[in-house]
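See structure below.
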Amino acid sequence: MVSKIAYIATIVAALAVSTGARAADLLPATAPQPVPSSSSGWTFSASPYFWIAGLDGKTQILGLPTVDISENFSDIISDLDFAFMGAADARYDRYSLFTDLSYVRVTTDAATPRGIIADQVDLKSVTFTAMVGGAYTVYEDPKLRFDVLAGARFWHVETRVALSGGLIGSLSRTDSANWVDGLVGVKGSYSFTDNIYATGWAMIGAGGSDLDWDVLGGLGYKFNDTVSAVAGYRAQGVNYSNDGFTYDVIQHGPILGMTIRF
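Residue numbers (the numbering used here): 121 to 382.
Take a look at the structure:
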């Protein structure tokens, strides 16, 4: 594990051609829920959610040495500027289309060791993901629904570092990467009662990255045919490396969300 100060020291030691990436991020398709057997025609749902995620892995920017990162949610939330996470789903009979968006912006700063080369380093990280896909229900009965799915996820990761004071004076550098991964997987739900159900998904793929995967398991409570809530645990990993930029991380932690169907 490399702390914030240690990471900044690495940047300064590399003559501040800079940066560090850290973020909390993302989510996938809407958590599947039991659909009333009497439903017909199109149904739509919107699902805002909050992922209480920590981050483990390694990152590299601008060709600098690779840095190990390990941060829990409390480390990230203290530096969080803005975050949005939400999904939507449109279903007709056994077919469905879904989308999932996540945007996280984190900013932090710290004094550099001894303050000789620079007095302070400011770090800003932005992570944006957008997934679109389709699913088909291969099995459904009054209690169980099981879907297969395929889709694509777009990633944007950007990191900016700014140094000020000391021998450097003022210096700023930005590095970023964009890529798309194809994904396949399954999702499903099982009703224990009219109100309580289990739900989950598993996805895996690649494309711009060497590996992209996402798993979730949770319990849901259906208040009525319109509103339900889900609490569970989600883990997502991606391994991207290209031209001196590496983003090889696993995000994991509890996830809370609600779904409004109309």
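We put the CB at the ideal spot given by N, CA and C, even for glycine.
Buried or exposed: which applies to residue 281, given that a residue is buried once 16 or more other Cβ atoms fall within 10 Å of its Cβ? Within the sequence shown, residue 281 is the residue found at index 161, counting from 1. When all chains shown are included, residue 281 counts as buried.
What residue does the alpha helix (DSSP H) around residue 195 start on, and which one ends it? Within the sequence shown, the letter at position 75 stands for residue 195. Looking at the DSSP string, the run of the alpha helix (DSSP H) that includes residue 195 is 193-197.
Distance between residue 367 and residue 351 (C-alpha atoms, nearest Å): For the purposes of this step, residue 351 is taken as residue 231 along the sequence shown, with counting starting at 1. For the purposes of this step, residue 367 is taken as residue 247 along the sequence shown, with counting starting at 1. One C-alpha to the other measures close to 28 Å.
Kindly list the residues whose CB is nearer than 8 Å to the CB of residue 378, restricted to its own chain and excluding five residues on each side of it in sequence; keep chain order. Walking along the sequence shown from the start, residue 378 turns up at place 258. Hits under 8 Å: 167, 168, 169, 347, 348, 349, 350.
Span separating the alpha-carbon of residue 210 from that of residue 183: Start at 1 with the first residue of the sequence shown, and residue 210 comes out as number 90. Start at 1 with the first residue of the sequence shown, and residue 183 comes out as number 63. If I take the Cα positions, the gap works out to 43 Å.
In the DSSP output, what is residue 362 paired with across the bridge? As a position in the sequence shown, residue 362 is number 242, starting the count at 1. DSSP lists 365 as partners of residue 362.
Would a C-beta distance cut-off of 8 Å place residue 318 and residue 339 closer than the cut-off? One-based indexing of the sequence shown puts residue 318 at position 198. One-based indexing of the sequence shown puts residue 339 at position 219. In contact: residue 318 and residue 339 (Cβ atoms closer than 8 Å).
Exposed or buried, what is residue 128 when buried is set at 16 or more other beta-carbons lying within 10 Å of its beta-carbon? The residue you call residue 128 lines up with position 8 of the sequence shown. Because the pLDDT at residue 128 is just 42, under 50, the model does not fix this residue reliably, and the point stays unresolved.
Just mark residue 345 as buried or exposed, buried being the case when its beta carbon has 16 or more other beta carbons within 10 Å. The residue labelled residue 345 in the question sits at position 225 within the sequence shown. Result: exposed.
On the DSSP letters alone, give me the boundaries of the beta strand (DSSP E) that residue 263 sits inside. As a first step, residue 263 must be located in the sequence shown, where it is residue number 143. No beta strand (DSSP E) holds residue 263; DSSP gives it neither H nor E.
Leaving out five residues on either side along the sequence, give the residues of the same chain with a beta carbon under 6 Å from the beta carbon of residue 203. Translated into the one-based positions of the sequence shown, residue 203 becomes position 83. 224.
From 313, 360, 380, residue whose alpha carbon lies closest to that of residue 299: Residue 299 sits at position 179 when you count from the first residue of the sequence shown. Proximity to residue 299 across 313, 360, 380 peaks at 360, based on C-alpha coordinates.
Do residue 375 and residue 341 have their C-beta atoms closer together than 8 Å? By one-based count along the sequence shown, residue 375 stands at place 255. By one-based count along the sequence shown, residue 341 stands at place 221. For the pair residue 375 and residue 341, the CB atoms are not nearer than the 8 Å cut-off.
Residue 268 vs residue 258 beta-carbon contact at 8 Å: Indexing the sequence shown from 1 puts residue 268 at position 148. Indexing the sequence shown from 1 puts residue 258 at position 138. Yes, they are a contact pair.
Can you give me the C-alpha to C-alpha distance between residue 207 and residue 218, rounded to a whole angstrom? The residue you call residue 207 lines up with position 87 of the sequence shown. The residue you call residue 218 lines up with position 98 of the sequence shown. Roughly 7 Å separates the two Cα atoms.
Bridge partners - residue 376, DSSP secondary structure assignment: The count along the sequence shown starts at 1 and reaches residue 376 at position 256. DSSP, once it has assigned bridges, lists 170, 351 as partnering residue 376.
Taking Cβ to Cβ, would you say residue 365 is nearer than 8 Å to residue 301? Here residue 365 is taken as the residue at index 245 of the sequence shown, counted from 1. Here residue 301 is taken as the residue at index 181 of the sequence shown, counted from 1. Their beta carbons are not under 8 Å apart, which means residue 365 does not touch residue 301 by this criterion.
Based on the DSSP output, what are the partners of residue 280 in its beta bridges? Start at 1 with the first residue of the sequence shown, and residue 280 comes out as number 160. Residue 280 is bridged to 244, 294.
With DSSP run on the structure shown, which of helix, strand or coil describes residue 371? Counting from 1 along the sequence shown, the entry for residue 371 is found at position 251. Residue 371 falls in the strand class under three-state DSSP.
Rounded to whole angstroms, how far is the Cβ of residue 162 from the Cβ of residue 212, which I believe are closer than 8 Å? On the sequence shown, residue 162 is found 42 positions in, with the first residue counted as 1. On the sequence shown, residue 212 is found 92 positions in, with the first residue counted as 1. Confirmed, about 5 Å.
Among 262, 371, 195, the one whose alpha carbon lies nearest that of residue 313: Translated into the one-based positions of the sequence shown, residue 313 becomes position 193. It is 262.
With 16 as the cutoff for other CB atoms within 10 Å, does residue 132 come out buried or exposed? Taking the sequence shown and counting its residues from 1, one reaches residue 132 at position 12. Here residue 132 scores only 36 on pLDDT, less than 50, and its place in the model should not be relied on; the value that follows carries that caveat. By the 10 Å Cβ count, residue 132 comes out buried.
Report yes if the C-beta distance between residue 174 and residue 373 is below 8 Å; otherwise report no. In the sequence shown, the residue the question calls residue 174 occupies position 54. In the sequence shown, the residue the question calls residue 373 occupies position 253. It is a contact, given that the beta carbons lie within the stated cut-off.
Contact under 8 Å by Cβ, residue 214 with residue 256: As a position in the sequence shown, residue 214 is number 94, starting the count at 1. As a position in the sequence shown, residue 256 is number 136, starting the count at 1. Yes, these two residues count as a Cβ contact at 8 Å.
Residue 329 in three-state terms, based on DSSP: As a first step, residue 329 is located in the sequence shown; it is residue number 209 there, counting from the start. In this structure, residue 329 counts as coil in the three-state DSSP scheme.
Rounded C-alpha distance that separates residue 194 from residue 222: Along the sequence shown, one-based indexing puts residue 194 at 74. Along the sequence shown, one-based indexing puts residue 222 at 102. Spanning the two alpha carbons is a distance of roughly 19 Å.
Exposed unless 16 or more other CB atoms sit within 10 angstroms - verdict on residue 304: Your numbering for residue 304 matches position 184 in the sequence shown. Answer is exposed; the Cβ neighbour count stays below 16.
The beta strand (DSSP E) that contains residue 209, what's its start and end? Here the question's residue 209 lines up with position 89 in the sequence shown. 200-212 is the extent of the beta strand (DSSP E) around residue 209.
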